[in-house]
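Peer 1:
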Amino acid sequence: MEHKITKWKDLKPTENNFNFTFDVLDRVWNDLLKEPFSTKSLFHAMSGAKGFGKTFLICLLALFLVCNFEDYNAQLAKYTYASAKESYFKTMKKVMNFLHENYGVTVIEQIGQNKNALIKEFNSESKCGWVFENGREINVIGFDNTSKWEGVPAAIGEIGMFAIDEVIPLGEEIIDEAEYVYKLVNLMTQVVRGKNLTTCFEPLPQLKGTIPLPFNKNETWQMYKKHYIIFGFNNHDTNHPIYQMFMDEIAPLTDEVKEELDINAVSYREDPTFLNMGATVIRGTTAINKDNLNPKVMELAKGIKQRWPETYNTLFKGDENQMQIDKYAYRKDLLENAQFFSKDKFYYDETKRWWFDQIRIGSDYADGGDSGDDAVTILMGFELDAISGIVKGVYILDELSISTKKFKNMEDKVSCIAKFINDKTVNYEFGTGRGKFEEHIRFKIGADSRTVKDFLIGILERKYDHKRETLEKNFTCFVSTGSKGWKIESRHYMWKRLLNEKKLFFANELKVTKEIQGVEVVIKKHGYLYDELHNCKLHPKKNIRDETPKKNKLDAINAAEHALSYFRYNLFE
7 MEHKITKWKD
17 LKPTENNFNF
27 TFDVLDRVWN
37 DLLKEPFSTK
47 SLFHAMSGAK
57 GFGKTFLICL
67 LALFLVCNFE
77 DYNAQLAKYT
87 YASAKESYFK
97 TMKKVMNFLH
107 ENYGVTVIEQ
117 IGQNKNALIK
127 EFNSESKCGW
137 VFENGREINV
147 IGFDNTSKWE
157 GVPAAIGEIG
167 MFAIDEVIPL
177 GEEIIDEAEY
187 VYKLVNLMTQ
197 VVRGKNLTTC
207 FEPLPQLKGT
217 IPLPFNKNET
227 WQMYKKHYII
237 FGFNNHDTNH
247 PIYQMFMDEI
257 APLTDEVKEE
267 LDINAVSYRE
277 DPTFLNMGAT
287 VIRGTTAINK
297 DNLNPKVMEL
307 AKGIKQRWPE
317 TYNTLFKGDE
327 NQMQIDKYAY
337 RKDLLENAQF
347 FSKDKFYYDE
357 TKRWWFDQIR
367 IGSDYADGGD
377 SGDDAVTILM
387 GFELDAISGI
397 VKGVYILDEL
407 SISTKKFKNM
417 EDKVSCIAKF
427 INDKTVNYEF
437 GTGRGKFEEH
447 IRFKIGADSR
457 TVKDFLIGIL
467 ERKYDHKRET
477 LEKNFTCFVS
487 TGSKGWKIES
497 RHYMWKRLLN
507 EKKLFFANEL
517 KVTKEIQGVE
527 VVIKKHGYLY
537 DELHNCKLHP
547 KKNIRDETPK
557 KNKLDAINAA
567 EHALSYFRYN
577 LFE
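In terms of this note's numbering, the sequence shown opens at residue 7 and continues consecutively.
#1: How far does the alpha helix (DSSP H) with residue 88 in it reach, from first residue to last?
#2: Below 8 Å, how does it come out for the segment 456-473 and the segment 540-549: are there three or more Cβ pairs, yes or no?
#3: How would you write the range of the alpha helix (DSSP H) that residue 280 sits in, first residue to last?
#4: Figure out for me which residue from 34, 570, 53 and 12 has the closest Cα to the Cα of residue 290.
#5: Quick one: residues in its chain with C-beta nearer than 6 Å to the C-beta of residue 389, no 5 flanking neighbours on either side, listed in chain order?
#6: Can the beta-carbon of residue 124 be found closer than 8 Å to that of residue 116?
#7: Whole angstroms is fine: what's the gap from residue 187's alpha carbon to residue 144's?
#8: May I ask which residues mark the beginning and end of the beta strand (DSSP E) holding residue 506?
#9: Measuring straight from C-alpha to C-alpha, what distance separates residue 109 and residue 61?
#10: May I have a chain-ordered list of the alpha helix (DSSP H) segments no shorter than 4 residues that lie completely inside the segment 184-268?
#11: Which same chain residues, not among the five before or five after residue 24, have their C-beta less than 7 Å away from its C-beta?
#12: Can you tell me whether residue 461 is buried or exposed, with buried defined as 16 or more other CB within 10 angstroms of its CB?
#13: Rank 410, 512 and 357 by C-alpha distance to the C-alpha of residue 441 and give the top, closest one.
#14: With H, G and I counted as helix, E and B as strand and the rest as coil, what does DSSP make of residue 484?
#15: Is residue 59 helix, strand or coil by DSSP?
#16: Can you pull the DSSP bridge partners for residue 368?
#17: How would you label residue 556, buried or exposed, when you count the other beta carbons within 10 angstroms and need 16 or more for buried?
#18: Mind checking residue 301: buried by the 16 CB within 10 Å criterion, or exposed?
#19: Whether or not the segment 341-353 and the segment 299-315 are in contact is what I'm after, with contact meaning three or more pairs of Cβ atoms, one per stretch, closer than 8 Å; do they touch?
#20: Any idea which residues DSSP pairs residue 129 with across the strands?
#21: Given a cut-off of 8 Å, decide if residue 478 and residue 361 are closer than it, judged by their beta-carbon atoms.
#22: Do residue 533 and residue 365 come within 8 Å of each other at the CB atom, strictly closer than that value?
#23: How is the beta strand (DSSP E) around residue 581 delimited, first residue to last?
#24: Can residue 447 and residue 457 be called in contact, C-beta distance under 8 Å?
#25: Only counting the same chain, and skipping five residues up and downstream in sequence, which positions put a Cβ closer than 6 Å to that of residue 198?
#26: Let me know if residue 119 comes out buried or exposed under the rule of 16 or more other beta-carbons within 10 Å of its beta-carbon.
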């Protein structure tokens, strides 16, 4: 039915909307957010400072849509049901009371448990929400009580709106990030899969406001009856894949965005092509909602700005929280100094290969088990000074990460690494003589994986016709201990210096995606090595990264260090 309906009467408007007209919504809705919510995007993502009022807006929009359309249902979610119930129930009651006291909206008057009540209200450990007279409902859910709602169809119409506030919970730990991403994307699919919701992208006068927009006085708010998937982000955990998928990809916190926030209190970007459905990403400061806040809040903000400017920027301006950045080994250096490039820059049409001064492969092998370690192999290019031979740039070109929890057979894993080496090396050449890299492969693996090295040589010889003599000469093992070993302290500071000297480059092509319910989701925007460097924490008592088992994921870092060790004494002046 989507996009085909052009008349208001065909959108199944309710006969009784409890006086919650669009004129009321136009007067209540934050003027600064009307333009972002005039887009036709399926996805709306909001991130910002304290006092943004995201939960209030979510409840307000859900209530309007369900009050005004007979086939509209809404799901309001948080990570846990307990926090969802606590937050949404109180906020929705606040919205209902506010609308009743100021605009005569009668929703609050119609709530009851007797058979004549037009709206039934639930607030128990098993169900929280509001069910309207024809069965449409606003349902409050959590990701820890999925059996109550997942896969359950709406009694009438369809779920038109799914909103999750605090996508990245402050109080709870997301145990399995991949599973959490799966559940979110699965919900997105559930919201748009049904055909029983009437929608319309025609600009109908019944959903047209009368109040001029703040930054375009000639226009007013034009709303559409459509599906909404809304994410409300806190700004304290920017490495979460869902945050990166929306905020970083569509509206990164650039200097331009910060300037817009300083001037307008809001900044938004629209990507109409996102997942073929469109996404609108909104950032806001506390000032976006100052008319609804106690004036003392803004006075307090001025005091905090003078004494703790970094805290002020995070809490009141919506800066991404870096207050705990010192607990990470490389994050500050990475965010400030990591470089990015397209491999096309190094491609030569005449040979149809990428060229670098030197190329190396490093691998970190893991047997798996409960440790969660992965087997990672990284191919790296090196730019060298023509006179001194000092490394001028390190280029992360290709990565292979094998999940050892899901891929436990050693023979299969080693065969996969061998195939990666064979398939990737034929794409590269190196040196002034433009040697074909597959004929001069330089590969290094951990010293405890000598057997794996031997297996790789055997597979490359038998299956891919590589010369054993060359492989045995060029396949070596990395040493981290003893007089010739490259110790952890030196390797730790090597990364910081590479970054501070802006020598570490990540290929744009390293982006890692995963298909979830037919949707391609970016899970590592800059690849495996970048992700591990970004999340690597310092040892609580030492001033180097924490190598305590299970404290950090170091597979890609180790693999990269194995390749870098070839130039250990030539990385810096």
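We put the beta carbon where it would ideally sit given N, CA and C, even for glycine.
Peer 2: Taking the coordinates as given:
#1: 87-109
#2: no
#3: Counting along the chain, residue 280 falls outside any alpha helix (DSSP H), and DSSP gives it neither H nor E.
#4: 53
#5: 363, 398 and 399
#6: Going by beta carbons, residue 124 and residue 116 fall inside the 8 Å limit.
#7: 23 Å
#8: Per DSSP, residue 506 belongs to no beta strand (DSSP E); it is in the alpha helix (DSSP H), 494-506.
#9: 20 Å
#10: none
#11: 73, 111, 112, 113 and 116
#12: Flag for residue 461 reads buried.
#13: 357
#14: strand
#15: coil
#16: Under DSSP, residue 368 forms a beta bridge with 384 and 450.
#17: exposed
#18: exposed
#19: No: fewer than three Cβ pairs fall under 8 Å.
#20: 134
#21: no
#22: No, the Cβ-Cβ distance between residue 365 and residue 533 is not below 8 Å.
#23: Past the boundaries of the shown model lies residue 581; the chain is included only from 7 to 579, so the question cannot be answered.
#24: Not a contact, by the Cβ cut-off of 8 Å.
#25: 233
#26: exposed
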